[in-house]
Amino acid sequence: MFLELKAQATSILKEAIQKVGFEVEDSELQFETSPHADLASRAAFRLAGIHKQNPKELASRIVSALEIPEGSYIGEVSAAGPYINFFAGRHYLERTVSAVREEKEKFGCGAPKDRILLEHTSANPNGPLHVGHIRNSIIGDTLARILRRAGYDVEVQYYVNDMGRQIAVVSWACELFELDLSRKSDAAIADVYIKANVELEKNPEYVKEIDALMEKVEVGDVRTIEQFNQAVSLAVAGIKETLLRLNVVHDKFVSESSFLKSGAVQDIVERIRATGRTKTDKGALVVDLSDYGFEKTLVIQRSNGTSLYTTRDLAYHGWKAGQADRIIDIFGADHKLISGQLRATLNSIGIKEPEVVIFEFVSLPEGSMSTRRGQFISADELFDKVTEAAFEQVETRRPETSYEFKKEVAEMVGIGAVRYDIVRVSPEKSTVFNWKEALDFEKQGAPYIQYSHARACSILEKAKEEAAWNPEEEINPSLLVEDSEIDLIKKMAMFGSIIDHGARELKPHILAIYARELADAFNQFYRFVPVIAAEDEKVRASRLALVDCARIVLANSLDTLGIGAPESM
RNA sequence: GGGCUCGUGGCUUAGCCAGGAUAUAGCGCUGGGCUUCUAACCCAGACGUCGGGGGUUCAAAUCCCUUCGAGCCCGCCA
Numbered sequence: 034m035f036l037e038l039k040a041q042a043t044s045i046l047k048e049a050i051q052k053v054g055f056e057v058e059d060s061e062l063q064f065e066t067s068p069h070a071d072l073a074s075r076a077a078f079r080l081a082g083i084h085k086q087n088p089k090e091l092a093s094r095i096v097s098a099l100e101i102p103e104g105s106y107i108g109e110v111s112a113a114g115p116y117i118n119f120f121a122g123r124h125y126l127e128r129t130v131s132a133v134r135e136e137k138e139k140f141g142c143g144a145p146k147d148r149i150l151l152e153h154t155s156a157n158p159n160g161p162l163h164v165g166h167i168r169n170s171i172i173g174d175t176l177a178r179i180l181r182r183a184g185y186d187v188e189v190q191y192y193v194n195d196m197g198r199q200i201a202v203v204s205w206a207c208e209l210f211e212l213d214l215s216r217k218s219d220a221a222i223a224d225v226y227i228k229a230n231v232e233l234e235k236n237p238e239y240v241k242e243i244d245a246l247m248e249k250v251e252v253g254d255v256r257t258i259e260q261f262n263q264a265v266s267l268a269v270a271g272i273k274e275t276l277l278r279l280n281v282v283h284d285k286f287v288s289e290s291s292f293l294k295s296g297a298v299q300d301i302v303e304r305i306r307a308t309g310r311t312k313t314d315k316g317a318l319v320v321d322l323s324d325y326g327f328e329k330t331l332v333i334q335r336s337n338g339t340s341l342y343t344t345r346d347l348a349y350h351g352w353k354a355g356q357a358d359r360i361i362d363i364f365g366a367d368h369k370l371i372s373g374q375l376r377a378t379l380n381s382i383g384i385k386e387p388e389v390v391i392f393e394f395v396s397l398p399e400g401s402m403s404t405r406r407g408q409f410i411s412a413d414e415l416f417d418k419v420t421e422a423a424f425e426q427v428e429t430r431r432p433e434t435s436y437e438f439k440k441e442v443a444e445m446v447g448i449g450a451v452r453y454d455i456v457r458v459s460p461e462k463s464t465v466f467n468w469k470e471a472l473d474f475e476k477q478g479a480p481y482i483q484y485s486h487a488r489a490c491s492i493l494e495k496a497k498e499e500a501a502w503n504p505e506e507e508i509n510p511s512l513l514v515e516d517s518e519i520d521l522i523k524k525m526a527m528f529g530s531i532i533d534h535g536a537r538e539l540k541p542h543i544l545a546i547y548a549r550e551l552a553d554a555f556n557q558f559y560r561f562v563p564v565i566a567a568e569d570e571k572v573r574a575s576r577l578a579l580v581d582c583a584r585i586v587l588a589n590s591l592d593t594l595g596i597g598a599p600e601s602m
């Protein structure tokens, strides 16, 4: 709705500026959201600079020339010094309320758009996901949800490394040590993987055994491949379970080895060779990317002829490029360089490059996390502790409820808190994990937003019981005139533009901030405006409708954040 | 040594790419509010050289240069 408001302001302002005698592009209107108006333009600054005029005077001339058409969302425009301030009118507020009531869970959705292939998580199957990995999952999953709501046809993939060196070590470890199958399968894999790495460190001779395994896989040795697969599928099964609990689902798991089998890896090597930018360096095949600004060459084939992760990834991206209009990858900061080289190489052979979203590291107070060294906090452990802490909270706050209720709410609140905590900060900030903060529900996080939703549900529930509410009833939105009602409506109206913005910039944290502000607006309304106790029947009906709208937009926001929306908590 | 990212009240953080009106919000701190739709809430208050320095501009948290600090990367690992 806000996007429409902006579009109307754009055309009104542009017309007025023309009347005053200037030509402007849309981008020169310099709109911004502001505490002083619903939409403010700094166009007078810009025009004054170009045409050597007084910006204040120009602003008031433009405002006098301005005409607001009948039925516009704009109610009023005024000049405040050099600023041109636009204020939404009643029509905008009332239209927003009816739009939410009509569109319900579809409110905020964009028109159908292109097909997107989004890859996220793709952690190596050498152990369970840890708290660093889930930053990838949460950013990726939230983006996928935002893009879907924005109208894109999104397919989400997990790229499974089932043949790299680390996996060879895993497979080797499974032969050497007994798997503890009483544990979750990915944790059992990590145990032997960590032990194997200790062995490798002690006895570097073993490296030859790993090399041998990798060569066997590359040439298609059935038994070795079978062993790799067994180890990989154990780890992947555990990872999937963890992701499911996080409310993250992938449409497809694509394995690296499939590109070797299909010959795609060989094909891509030939294509790169054909550009003439490859050469042999100590027996290895390398690509010269100096014209793309990369000083060091990129190795795409070992001297023994085997492929590398990068080579298979190139083949994977070649395959992806053929099936979608946009390719999006979510990578950790350690992949910055390699993803740049990947993009350059793809560009050099005319394959569509992925858009890469980079997030910085989550480390521990004692340093960065490492599966190999066993230095990590697994996502499962975090989920267990956080839901346990949430359970205690429900128990103190709602002692009268059933065990099942408490469990269900604790799961939604705990997992929601984890997701929100991670998604709320912009990806380029590196963070240090700390238990105290992770388990703290006092701050304005997911539980705060969920609580607002539950409050809205509770009012509606009570009204239904008293037979005082019919959701389909015609209401008169012009009765919603309190400040906190208007603020709430305006906040709801922003939802679509937040989705649009997040999708355009691939920035999920924008939505997290918005959801909190929406909850803020609802809580203020809740505090100041009585709903069920409203004396006038028509006013009560309108307010109930508004509560229902808030409930819908809060639920839509939470859903897009991948966070559960409890009706009671 | 080179490259990328970050540095905003005690702590966490928005705003920075597209420079403009009193710098966003939470935690913590001080004080207030539950016989009234769930107090996981609300209200009020204190706390800021936007890392330091220089520059561009009518105007800089935002752009440029420089410097300091933190993280990540610079493998025939992934």
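If you're matching positions, the first sequence starts at 34 in our numbering and goes up one per residue. Using N, Cα and C, we set each Cβ at its ideal position, and we do this for glycine too.
Can you name the residues that DSSP bridges to residue i?
i      : result
Arg359 : Ile149
Leu72  : Phe119
Phe64  : Ser74
Thr313 : Leu318
Val110 : Phe119
Asp186 : Arg148
Gly400 : Leu397
Gly365 : Phe392
Ser340 : Gln334
Phe474 : None, per the DSSP bridge assignment.
Tyr191 : Phe286
Val465 : Ser396
Helix, strand or coil: which one does DSSP assign to residue i?
i      : result
Ile391 : strand
Gln426 : helix
Ala536 : helix
Ile101 : coil
Ser411 : strand
Gly253 : coil
Thr378 : helix
Ile565 : coil
Thr330 : coil
Ser372 : helix
Val456 : helix
Phe416 : helix
His124 : helix
Cα separation between residue i and residue j?
i      : j      : result
Thr330 : Arg584 : 55 Å
Leu62  : Gly535 : 22 Å
Val57  : Ala113 : 21 Å
Glu600 : Lys495 : 12 Å
Val586 : Lys85  : 46 Å
Met34  : Tyr106 : 9 Å
Glu90  : Gln190 : 56 Å
Asn603 : Ala526 : Summary: the structure shown does not reach residue 603, with the chain confined to residues 34 through 602, and so no result is reported for it.
Trp352 : Ile305 : 15 Å
Val287 : Ile455 : 26 Å
Ile222 : Arg576 : 56 Å
Ala423 : Ile117 : 48 Å
Trp205 : Asp314 : 30 Å
Ala500 : Ile565 : 11 Å
Gly383 : Lys540 : 28 Å
Glu505 : Arg181 : 28 Å
Thinking C-alpha only, which one of the options is nearest residue i?
i      : options                           : result
Ser401 : Gly365, Arg181 and Asp219         : Gly365
Lys571 : Asp224, Ser511 and Pro115         : Ser511
Phe32  : Leu72, Ala92 and Asp71            : Since the first residue shown for the chain is 34 and the last is 602, residue 32 is missing from the structure and cannot be characterised.
Asp581 : Asn503, Arg359, Ala144 and Val250 : Asn503
Phe55  : Thr43, Gly104, Asp71 and Ile95    : Ile95
Ala471 : Gly529, Leu397, Lys228 and Cys207 : Leu397
Leu162 : Ser463, Arg278 and Glu550         : Arg278
Ser491 : Met602, Ile301, Asp300 and Val130 : Met602
Would the segment 366-375 and the segment 117-134 be scored as touching if the rule is three or more Cβ pairs under 8 Å? no
Could you tell me whether the segment 199-215 touches the segment 259-278, where touching means 3 or more Cβ pairs closer than 8 Å? yes
Does the segment 170-179 come into contact with the segment 339-356, if we say contact requires no fewer than three beta-carbon pairs (one atom in each stretch) closer than 8 Å? no
Report yes or no: do the segment 65-79 and the segment 547-562 share at least 3 C-beta pairs separated by less than 8 Å? no
Could you check whether the segment 448-457 touches the segment 407-424, counting it as contact only if at least three pairs of C-beta atoms, one from each stretch, sit closer than 8 Å? yes
Stretch pair the segment 587-601 + the segment 468-488: three plus CB contacts closer than 8 Å: yes
Is there contact here, the segment 243-256 with the segment 133-142, by at least three beta-carbon pairs under 8 Å? no
Evaluate contact between the segment 310-322 and the segment 372-386, counting only Cβ atoms and requiring at least three cross-stretch pairs below 8 Å. yes
Cβ contact check for the segment 153-162 and the segment 275-294: 3 or more pairs under 8 Å: yes
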